[in-house]
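A.B. asks: The structure that follows is given in the form of C-alpha cells.
There are 2 protein chains.
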Amino acid sequence: MAKSGSPPDELVFLPLGGSGEIGMNFNAYGFGPPDDRQWIVVDCGVLFGREGNAPGVDILMPDIRYLAEQQGNVLGIVATHAHEDHIGAIAHLWPSLRCPVYATPFTARLITGKLEEAGLTGKLTVKQIPVGGSLTLGPFQMDFISITHSILEPNLLAITTPLGVVAHTGDWKIDPNPMLGEATDTAALQKLGDAGVLALVCDSTNALVPGSSGSEATVRESLTALIGTLKGRVAVTGFASNVARLDTIARAAKAHGRRIALVGRSMQKMVSAARETGYLKDFPTILDETELADMPPDRVLYICTGSQGEPRAALARIANDSHPNVHLAEGDTVIFSSRVIPGNELGIFEMQNQLAARGIGLLTAEDHFVHVSGHPCRDELAQMYRWIRPRLSVPVHGEIRHQMAHARLARELQVPQAIVPANGQMFRLAPGKPQLIDEVPAGRIHLDGKVLVAEGEGLAKDRRAMAFAGLIVVSLVMDAKGRVAAPPQVLAEGMPEPVQGAILRAVENVIEANRRADPDDLSETIRRAVRRAAQDAWGKKPLTRILVTEL
Amino acid sequence: MAKSGSPPDELVFLPLGGSGEIGMNFNAYGFGPPDDRQWIVVDCGVLFGREGNAPGVDILMPDIRYLAEQQGNVLGIVATHAHEDHIGAIAHLWPSLRCPVYATPFTARLITGKLEEAGLTGKLTVKQIPVGGSLTLGPFQMDFISITHSILEPNLLAITTPLGVVAHTGDWKIDPNPMLGEATDTAALQKLGDAGVLALVCDSTNALVPGSSGSEATVRESLTALIGTLKGRVAVTGFASNVARLDTIARAAKAHGRRIALVGRSMQKMVSAARETGYLKDFPTILDETELADMPPDRVLYICTGSQGEPRAALARIANDSHPNVHLAEGDTVIFSSRVIPGNELGIFEMQNQLAARGIGLLTAEDHFVHVSGHPCRDELAQMYRWIRPRLSVPVHGEIRHQMAHARLARELQVPQAIVPANGQMFRLAPGKPQLIDEVPAGRIHLDGKVLVAEGEGLAKDRRAMAFAGLIVVSLVMDAKGRVAAPPQVLAEGMPEPVQGAILRAVENVIEANRRADPDDLSETIRRAVRRAAQDAWGKKPLTRILVTEL
Numbered sequence: 088m089a090k091s092g093s094p095p096d097e098l099v100f101l102p103l104g105g106s107g108e109i110g111m112n113f114n115a116y117g118f119g120p121p122d123d124r125q126w127i128v129v130d131c132g133v134l135f136g137r138e139g140n141a142p143g144v145d146i147l148m149p150d151i152r153y154l155a156e157q158q159g160n161v162l163g164i165v166a167t168h169a170h171e172d173h174i175g176a177i178a179h180l181w182p183s184l185r186c187p188v189y190a191t192p193f194t195a196r197l198i199t200g201k202l203e204e205a206g207l208t209g210k211l212t213v214k215q216i217p218v219g220g221s222l223t224l225g226p227f228q229m230d231f232i233s234i235t236h237s238i239l240e241p242n243l244l245a246i247t248t249p250l251g252v253v254a255h256t257g258d259w260k261i262d263p264n265p266m267l268g269e270a271t272d273t274a275a276l277q278k279l280g281d282a283g284v285l286a287l288v289c290d291s292t293n294a295l296v297p298g299s300s301g302s303e304a305t306v307r308e309s310l311t312a313l314i315g316t317l318k319g320r321v322a323v324t325g326f327a328s329n330v331a332r333l334d335t336i337a338r339a340a341k342a343h344g345r346r347i348a349l350v351g352r353s354m355q356k357m358v359s360a361a362r363e364t365g366y367l368k369d370f371p372t373i374l375d376e377t378e379l380a381d382m383p384p385d386r387v388l389y390i391c392t393g394s395q396g397e398p399r400a401a402l403a404r405i406a407n408d409s410h411p412n413v414h415l416a417e418g419d420t421v422i423f424s425s426r427v428i429p430g431n432e433l434g435i436f437e438m439q440n441q442l443a444a445r446g447i448g449l450l451t452a453e454d455h456f457v458h459v460s461g462h463p464c465r466d467e468l469a470q471m472y473r474w475i476r477p478r479l480s481v482p483v484h485g486e487i488r489h490q491m492a493h494a495r496l497a498r499e500l501q502v503p504q505a506i507v508p509a510n511g512q513m514f515r516l517a518p519g520k521p522q523l524i525d526e527v528p529a530g531r532i533h534l535d536g537k538v539l540v541a542e543g544e545g546l547a548k549d550r551r552a553m554a555f556a557g558l559i560v561v562s563l564v565m566d567a568k569g570r571v572a573a574p575p576q577v578l579a580e581g582m583p584e585p586v587q588g589a590i591l592r593a594v595e596n597v598i599e600a601n602r603r604a605d606p607d608d609l610s611e612t613i614r615r616a617v618r619r620a621a622q623d624a625w626g627k628k629p630l631t632r633i634l635v636t637e638l
Numbered sequence: 088m089a090k091s092g093s094p095p096d097e098l099v100f101l102p103l104g105g106s107g108e109i110g111m112n113f114n115a116y117g118f119g120p121p122d123d124r125q126w127i128v129v130d131c132g133v134l135f136g137r138e139g140n141a142p143g144v145d146i147l148m149p150d151i152r153y154l155a156e157q158q159g160n161v162l163g164i165v166a167t168h169a170h171e172d173h174i175g176a177i178a179h180l181w182p183s184l185r186c187p188v189y190a191t192p193f194t195a196r197l198i199t200g201k202l203e204e205a206g207l208t209g210k211l212t213v214k215q216i217p218v219g220g221s222l223t224l225g226p227f228q229m230d231f232i233s234i235t236h237s238i239l240e241p242n243l244l245a246i247t248t249p250l251g252v253v254a255h256t257g258d259w260k261i262d263p264n265p266m267l268g269e270a271t272d273t274a275a276l277q278k279l280g281d282a283g284v285l286a287l288v289c290d291s292t293n294a295l296v297p298g299s300s301g302s303e304a305t306v307r308e309s310l311t312a313l314i315g316t317l318k319g320r321v322a323v324t325g326f327a328s329n330v331a332r333l334d335t336i337a338r339a340a341k342a343h344g345r346r347i348a349l350v351g352r353s354m355q356k357m358v359s360a361a362r363e364t365g366y367l368k369d370f371p372t373i374l375d376e377t378e379l380a381d382m383p384p385d386r387v388l389y390i391c392t393g394s395q396g397e398p399r400a401a402l403a404r405i406a407n408d409s410h411p412n413v414h415l416a417e418g419d420t421v422i423f424s425s426r427v428i429p430g431n432e433l434g435i436f437e438m439q440n441q442l443a444a445r446g447i448g449l450l451t452a453e454d455h456f457v458h459v460s461g462h463p464c465r466d467e468l469a470q471m472y473r474w475i476r477p478r479l480s481v482p483v484h485g486e487i488r489h490q491m492a493h494a495r496l497a498r499e500l501q502v503p504q505a506i507v508p509a510n511g512q513m514f515r516l517a518p519g520k521p522q523l524i525d526e527v528p529a530g531r532i533h534l535d536g537k538v539l540v541a542e543g544e545g546l547a548k549d550r551r552a553m554a555f556a557g558l559i560v561v562s563l564v565m566d567a568k569g570r571v572a573a574p575p576q577v578l579a580e581g582m583p584e585p586v587q588g589a590i591l592r593a594v595e596n597v598i599e600a601n602r603r604a605d606p607d608d609l610s611e612t613i614r615r616a617v618r619r620a621a622q623d624a625w626g627k628k629p630l631t632r633i634l635v636t637e638l
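If you read the protein sequences in the order shown, they are chains R and U. Mapping of the first sequence onto the numbering used here: residues 88 to 638, in sequence order. Mapping of the second sequence onto the numbering used here: residues 88 to 638, in sequence order.
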C-alpha cells in the first residue's frame, strides 16, 4: 500500500475507553502511514457514575478529542452489541465524529431509539448489518461472528486488514443453550484461528473467576421450578436487556398460571425492540399493570426494572410503596434475577430492607440459582484462546486487576505475547512485533446534568470537597477609601452550629483589627482566619470564598 | 419486689442501636416498675460512615437521650467483646451516662486505651471481669459465658433477673478450634437452656447464609500452605482485632522462613493488648518495618492494616507506593485475609488495581480459602437455639432483611415467638407474654469532624445536596433607600462554566429590572431566577443563598 519512499502502512490499536474500567468501551483501529491513518471505532459506550467518585454525574464517557481532530479519517463506528457500555455514548459523541454507524438489527434498533431521544433523527441513519454478515470500510474488512452473551445479537468482529487479522470479541460467554438468538458460531471461530490471527482483543470481566459462567437454559429450569413453589404475588427484577431472561420469566409465569405485566420503561422498550426485530414471537400476552392489580395474587407476576436499586426505577417505588399501580404485601415475593454491580450494594440492600420490613420475601442469587453471568470465566477464556490461537493477547473490558489476570492466563495458555493497554496508548500490531508507539490524549468526560465536562476540570471533585466539609462564603463591602463599609455577611453551609459561631467570631475579630485595609490583603487574612477557626472548632478545613464588593 | 399497691416490676428490653444496621450496637435492659426502672446497657458501639449516605462523617452512634435523662438509674455498661461496633462509642457517650463500665481483661484493656485517647483517664476506670466470671448490678445477675468469634474473649451474657433469664449472645460463631482463647462453653450453654430462658437476643449477621462459618484452624492450614508457595515479598492484610488470625499469619511466616513486621498502628495496638493480657506468649519475634526492608524478599512478610481500602491505612499507602518503609514490587504478593464490608467495594478495588498495575499479585477470599466469617450461619443459629431453647427469639445485630430471616428461622425451629425490634422500641419480656409497650426517642448521632450532630439536623444531607448540584451564593448590597448600591457578586460553586454564565446573566437581568426594591422581595426574585436559569442550562437546581448587606 505504501508508496516508495513514504512511511510504510501500519495497523494500530488504540483504546480510548474500557481499559481500566468495566464500561465506557471505545476501541479504535487505525491503518495507514503514521501521518494519515484511517480509523474504525469498535463500540462507543458509557460508564455509570457513582456518588462516591463523581457525585451528581449520571454517566461518564471517553474523551475522544484525538479522533475528533481526524474526523475526516474516521470511517465508521461499529457496535458489537447493544449494552449501554458499548452504545450509550454514540448519541453524545457522534457530533464530534460524524461518521456512519453500523450494527446488527436488534442493536441498530436500540441505537436508533437513542438517537431519536437525542434529537439526532435525520442527521444519521444506523446502517444494518445482517446477523452473521460482513462490512468493509476502507482497509478494514469485518466479519460479524455470532457469539453468546446476556443480550440478543452479540458479535465477535473478525477484522481483516492487508497486514493481518484481529479478533475483537466484544462481550461474550460460551452458552451452549442461550434460549434465544444464535448459538456461538464455533465453526467460524475455529476457521478464523486456522487462518492465523495477529491479536485477540478480549473481554476480561471474569478473568478472576474459575470455571464457566453457566447457561441461560439452567437458569430457566431453576427459575421455573422456583416460581412454582411461591404463593402470593411474585415480582422478578433483572436486567431489561437480557431478553432471553425476560422470555424465561414470562414462560415460567405462564407455566404456573400467572399473568404478566412489564413494569418500568426499559422493560417495555427492550421487549418492543426484540419483537420488532423478529424475536419473542410466542411471548406470553403482556397485560397492563392495572389489569393485574385486581387479579388473585397467585395469578400475578410482575417483571420489573430496578435490580440495582436505582431510586427512580420500578422496584424502588414498589419497595417504598409509592408505585401508582403495583402494590406488594406480606407474603408476596421479589426475585432478584441479577447480580449486584459493585458500588450498588448499599442502595440495593436499603431497598431489600424496605421490602423485608413489609414481610415481602426476597430470593437472590446469593441464596438461589436465579442468575448467570454474561462474561467468560477462565475455562471459557481458555476455550476461546484454543479456537483463535492469536500471536498476541490484548485484555480489555476490565479493571486493571482483571486485565492483568487475563494476561497471565493468556501467557499460561502459551500465547506468545500479552499486553495490557491503558486508555490512550497506541500499539502497533503490525508489521513487526507488537509494541507501544504513542500515547495520545485520553480521559473521561462527565455528563454533569446535561452539560459535558472534562473530568480534569474537577467539578465533581470540588463538589466532593463540599460534601466532606461544606463551604464558607464571606461577603465584604468596602468603600473607595479601603474601609469596611458594613458588617460582613457570613455563610457557613453544611457546618454544625458551634462551628458556624466560631467562624463568625473569627471574621468579626479580623474586621475589628482591620477597619481599613487593602481588599485583597483583608480577604486573604479573613480566609486564613476562618479556615483556622473551622479547623480548631471542627477538625476540618472547608472550601472558603470571600466576595468583596467595592463601592 | 413491688410494694403492695404500686405497679409491679417488669423486665424490659430496649435496643437503641444495632437493630436495622450491622454496627452501632446498644442494648438496654430495664427492671422495676415503669416509673422507676433500673437499667443496664449491653454494648455501646459505633457504625462507620459512608460517603454515599453521610459524606464527611467518620462514625455514627446511637442517640441515647432517653437513658441519659435517667442517668442515675443506669447501673453500668457491660461490653460483650472489643469490636468497635460494640465498644467504639463508650468514650463518646459515657459523659451522658457516667456509669461504671465492665468487661473481660482484653476488652477492658482496649476500652481503657480509647478512654486515654479521649482524655477520660481518671474519670472512669474500666472494671475487669475474669473470663467466665460474673457480675451483679442491682436486680441483674450476669454470667459471662465464653463463646467464639473473630476476636479474643467474646462473651454470651446470661442475664438473670427475678422475673427470668435472658441470653444475650453478643457476636459469635461456633468455632470448634478457635486457635486462641477459650472454646465455646457448650456445657454452660446447655445448662442455661436446661434452667429455662425467657428470651435469646441474638446476632443476625449471617442469618441468610446456609451452613456454618468454618474454623480458624482450617484457615491456618490453608494460609500456611499458600504462603509456602509464594516467592518474593508477601504482605497479608486483615482485621487487626482478629488476633488468632495475626497469630496464624505470623506462624505461617515463621514456618516458611519469613520474618515479620506489623505495619499500621492498630496492628501494633492489638498485639500489645493481647500480650499484656496474657495471650500470644510464643508469638514470633516482631521486627521493625525498616529491618525488613533490607532482607531478601523471600524472607519477608508484612502484616498490614487497610484491608477495607481505608485511604490512610498501611496498605493504601503501600499500594500507591507512598509508605515510608514498605515497598512492594513486581513479583511480590498481597493476601487479603478478610472479607469486603459492603460499601467498601470501590475503594478496595481501586487499591487492588493500583497493586495489580505494578505487577503485584493479589490473593483474596474470592479465589483462595484465606478467611472465615466470625458470625453464625444458619446451622450455627439452629445449634444455639437447640442449646438455649428460649420462649422468645429477638434477632438483633443485622439489617432488617437479616433480622426477618433470623425470625423466620427461629419460628421454623419451633421457638414459640419471635419479635424483630426497631431501635427505640421497648418490649416487656416479663411478666406475661412479651409485647411492645413503648417507643422512645432513638436515632443516630454523627461524629462530624469532632462535633456530635444529630442525624435529623441534616448537615450531611445538605452536603449531599451540594455534592449533587453545588451551591449558588449571590451577594447584594443595598442602600437605605432600597437601591442596589453596587454590582452583585455571584458565586456558582461546583457548576460548569456555561451554567455559571447563565446564572450571572439571570442575576443581572433581575437587577436591571429592579433598581429599587424591598430587599426581601428582591432576594426572593433573584433566588427564583437563578434556580430557573440553572435548571434550564444544567438540568439541576442547586442550593441557593442570597446574602444582603444593607448600608
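The beta carbon of each residue, even a glycine, is placed where N, CA and C say it ideally should be. Note that the coordinates shown come from a computational prediction; the quantities given were computed from them, not determined experimentally.
1. Measuring straight from C-alpha to C-alpha, what distance separates Glu-298/U and Glu-108/U?
2. Report the neighbours of Asn-440/R on chain U: residues whose CB is nearer than 8 Å to its CB, in chain order.
3. Where does Asn-642/R fall in DSSP's three states?
4. Can you tell me where the beta strand (DSSP E) with Pro-102/R in it begins and where it stops?
5. Specify the secondary structure class of Trp-259/R as computed by DSSP and reduced to three states.
6. Do Ala-443/U and Arg-488/R have their C-beta atoms closer together than 8 Å?
7. Along the segment 537-565 of chain R, where does the CB come closer than 7 Å to a CB of chain U? Name the residues.
8. Identify the contact partners of Ile-453/U in chain R, using a Cβ-Cβ distance below 9 Å as the criterion.
9. Within 10 angstroms of the Cβ of Ala-600/R, are there 16 or more other Cβ atoms? Answer buried if so, exposed if not.
10. Take every Cβ of the segment 251-258 of chain U, pair it with every Cβ of the segment 283-290 of chain U, and state whether three or more of those distances are shorter than 8 Å.
11. In this structure, how does DSSP classify Leu-648/U when only helix, strand and coil are distinguished?
12. For Asp-150/U and chain R, any beta-carbon pair shorter than 8 Å?
13. Taking the alpha helix (DSSP H) that Thr-377/R falls in, what are its first and last residues?
14. Excluding the 5 residues flanking Gly-301/U on each side, which residues of the same chain have their C-beta closer than 6 Å to its C-beta?
15. List the residues of chain R whose Cβ lies closer than 7 Å to the Cβ of Glu-499/U, in chain order.
16. What residues from chain U crowd round Phe-436/R, counting only those whose CB sits closer than 8 Å?
17. When we look at the beta-carbon of Val-296/R and count the other beta-carbons within 10 Å, is it buried (16 or more) or exposed?
18. Residues of chain U with a CB under 7 Å from the CB of Thr-636/R: which are they?
19. Just the Cα atoms here: how many angstroms apart are Gly-220/R and Met-553/R?
20. Helix, strand or coil: which one does DSSP assign to Lys-341/R?
21. From the beta carbon of Arg-332/U, is the nearest beta carbon of chain R less than 8 Å away?
22. Give the range of the alpha helix (DSSP H) segment to which Asp-608/R is assigned.
23. Since Asn-601/R meets chain U, which of its residues come closer than 9 Å, beta carbon to beta carbon?
24. With DSSP as the reference, label Arg-498/U as helix, strand or coil.
25. Under 8 Å, Cβ to Cβ, is there at least one residue of chain R near Ala-616/U?
26. Can you tell me where the alpha helix (DSSP H) holding Thr-366/U begins and where it ends?
27. Curious, which full-length alpha helix (DSSP H) runs of at least 4 residues does the segment 414-452 of chain R contain?
28. Candidates Phe-227/R, Thr-248/R, Asp-605/R, Lys-260/R: which alpha carbon is nearest Asn-242/R's?
29. In angstroms, rounded to a whole number, what distance separates the CA positions of Ala-176/R and Leu-147/R?
30. Under DSSP, the beta strand (DSSP E) around Arg-346/R begins and ends at which residues?
C.D. replies: Here's the rundown:
1. As a working mapping, residue 298/U is identified with position 211 in the second sequence. As a working mapping, residue 108/U is identified with position 21 in the second sequence. In the sequence under discussion, the amino acid at residue 298/U is Gly, which differs from the Glu named in the question. When only Cα atoms are considered, Gly-298/U and Glu-108/U end up about 23 Å apart.
2. In the first sequence, the residue the question calls residue 440/R occupies position 353. Simply Gly-107, Glu-486, Ile-487, Arg-488.
3. Shown here, chain R extends from 88 to 638; a query on residue 642/R therefore has no answer.
4. As a position in the first sequence, residue 102/R is number 15, starting the count at 1. It spans 97-104 - the beta strand (DSSP E) in which Pro-102/R sits, taken as one unbroken run.
5. Here residue 259/R refers to the residue found at position 172 of the first sequence. Of the three classes helix, strand and coil, the one that applies to Trp-259/R here is coil, per DSSP.
6. Within the second sequence, numbered from 1, the residue matching residue 443/U stands at position 356. Within the first sequence, numbered from 1, the residue matching residue 488/R stands at position 401. Yes.
7. Those would be Lys-537, Val-538, Val-540, Leu-546, Asp-549, Arg-550, Arg-551, Met-553, Ala-554, Phe-555, Ala-556, Gly-557, Leu-558, Val-560, Ser-562, Val-564, in chain order.
8. Residue mapping note: residue 453/U aligns to position 366 of the second sequence, counting from 1. The amino acid at residue 453/U is misidentified as Ile; the sequence shows Glu. Under the 9 Å cutoff, chain R gives Leu-295, Val-296.
9. Working through the first sequence from its first residue, we reach residue 600/R at position 513. By the neighbour-count rule (16 or more Cβ atoms within 10 Å), Ala-600/R is not buried but exposed.
10. yes
11. This structure gives no information on residue 648/U, because the portion of chain U shown stretches from 88 to 638.
12. Numbered from 1 along the second sequence, position 63 holds the residue referred to as residue 150/U. With 8 Å as the cut-off, Asp-150/U does not count as an interface residue toward chain R.
13. The residue labelled residue 377/R in the question sits at position 290 within the first sequence. Thr-377/R -> alpha helix (DSSP H) spans 376-380.
14. In the second sequence, residue 301/U corresponds to position 214, counting from 1. Result list for Gly-301/U: Val-459, in chain order.
15. Your numbering for residue 499/U matches position 412 in the second sequence. When 7 Å is used as the limit between beta carbons, Glu-499/U is near no residue of chain R, the shortest such separation being about 14 Å.
16. By one-based count along the first sequence, residue 436/R stands at place 349. In chain order: Pro-429, Glu-486, Arg-488.
17. Along the first sequence, read from residue 1 onward, the residue named residue 296/R stands at position 209. That one is buried.
18. Taking the first residue of the first sequence as 1, we reach residue 636/R at position 549. Result: Ser-562, Val-564, Ala-573, Gln-576.
19. As a working mapping, residue 220/R is identified with position 133 in the first sequence. As a working mapping, residue 553/R is identified with position 466 in the first sequence. Approximately 52 Å, taken between the alpha carbons.
20. Numbered from its first residue, the first sequence carries residue 341/R at position 254. The answer is helix: DSSP assigns Lys-341/R an H, G or I state.
21. Counted from its first residue, the second sequence places residue 332/U at position 245. No, because no Cβ of chain R sits closer than 8 Å to the Cβ of Arg-332/U.
22. For the purposes of this step, residue 608/R is taken as residue 521 along the first sequence, with counting starting at 1. From DSSP, the alpha helix (DSSP H) with Asp-608/R extends over 606-625.
23. Start at 1 with the first residue of the first sequence, and residue 601/R comes out as number 514. Within chain U, no residue has its CB atom less than 9 Å from the CB of Asn-601/R, the nearest being about 17 Å off.
24. Translated into positions along the second sequence, residue 498/U becomes position 411. In the structure shown, Arg-498/U adopts helical secondary structure according to DSSP, grouped into three states.
25. As a first step, residue 616/U is located in the second sequence; it is residue number 529 there, counting from the start. Interface with chain R (8 Å Cβ-Cβ cutoff): Ala-616/U is excluded.
26. Counting from 1 along the second sequence, the entry for residue 366/U is found at position 279. The sequence given here has Tyr at residue 366/U, not Thr. Where Tyr-366/U is concerned, there is no enclosing alpha helix (DSSP H), given that its DSSP letter is neither H nor E.
27. 432-444
28. Walking along the first sequence from the start, residue 242/R turns up at place 155. When each option's Cα is compared against that of Asn-242/R, the closest is Lys-260/R.
29. Counting from one through the first sequence, the residue named residue 176/R turns up at place 89. Counting from one through the first sequence, the residue named residue 147/R turns up at place 60. Roughly 9 Å separates the two Cα atoms.
30. Residue 346/R sits at position 259 when you count from the first residue of the first sequence. Run containing Arg-346/R: 346-350, per the beta strand (DSSP E) assignment.
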